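*Asks:*
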Amino acid sequence: GELAKEGKFTMKTFGGKEVVVTQEDIDERADASSAFVSEIRTSSVLTIHGSADTTVDVENAKMYDESIPRHTLKIIEGGDHNFNGLKFVGEIVVSIADFIASKNGNRRVNIPRY
Numbered sequence: 281g282e283l284a285k286e287g288k289f290t291m292k293t294f295g296g297k298e299v300v301v302t303q304e305d306i307d308e309r310a311d312a313s314s315a316f317v318s319e320i321r322t323s324s325v326l327t328i329h330g331s332a333d334t335t336v337d338v339e340n341a342k343m344y345d346e347s348i349p350r351h352t353l354k355i356i357e358g359g360d361h362n363f364n365g366l367k368f369v370g371e372i373v374v375s376i377a378d379f380i381a382s383k384n385g386n387r388r389v390n391i392p393r394y
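Each residue of the sequence shown is one higher than the last, beginning at 281 in this note's numbering.
(1) With DSSP as the reference, please indicate the residues paired to Met291 in a beta bridge.
(2) Note down, in chain order, each residue of its chain lying with its Cβ closer than 8 Å to the Cβ of Val300, except the 5 sequence neighbours on either side.
(3) Is DSSP giving Thr283 helix, strand or coil here?
(4) Looking at Thr302: is its Cβ nearer than 8 Å to the Cβ of Leu326?
(5) With distances taken from CA atoms, which of Lys297, Glu298, Asp305 is nearest Leu283?
(6) Less than 8 Å separating the beta-carbons of Gly330 and Phe379?
(7) Got a sec? Which residues, its chain only, sit under 8 Å from Glu286 by beta carbon, not counting five neighbours each side?
(8) State the Cα-Cα distance for the pair Glu319 and Pro349, rounded to the nearest angstrom.
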C-alpha cells in the first residue's frame with residue numbers, strides 16, 4: 281500500500297482532520313512498553329464519561345468501573361463524546377478536583393482558572 285511505497289499515509293480522524301502517519305510512527309507504537317498497564321490495579325483511576333456519547337458507549341466506562349479496583353466513575357448526564365464543548369466544563373472540573381482531593385486526604389484542591 282501507500283505506506284510501503286511512500287513511507288507514509290494520510291488518514292482522517294473522526295473529526296475530519298487529516299493526519300499523516302509514517303513508518304516511524306508505527307514502529308514507535310509497536311515498541312512502546314505496556315508495562316505500565318499492570319500498574320492500573322494499584323493506581324487510582326477516574327473516568328468521566330458522557331451518558332449521550334455515541335462514539336464510545338457508556339457501558340465501556342461501566343466495565344472499567346467493575347474491572348479496575350480503585351476506579352471512580354463519573355457519568356455526565358447528557359454529555360456527548362466531547363461533553364458538548366464547554367457546556368459541562370464546570371461539572372468536569374469539580375469532578376476532577378473532588379477526585380484529587382479524595383486521594384489527597386480530602387485537602388482542598390485549587391485549580392487555577394486561565
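Where a beta carbon is used, it is the ideal one built from N, C-alpha and C, also for glycine. Model, not experiment: these values are computed from the prediction.
*Replies:* Answer, in terms of the structure:
(1) Val299
(2) Lys288, Phe289, Thr290
(3) Sequence check: residue 283 is Leu here, not Thr. Note: Leu283 maps to helix in three-state DSSP.
(4) no
(5) Asp305
(6) no
(7) none
(8) 11 Å
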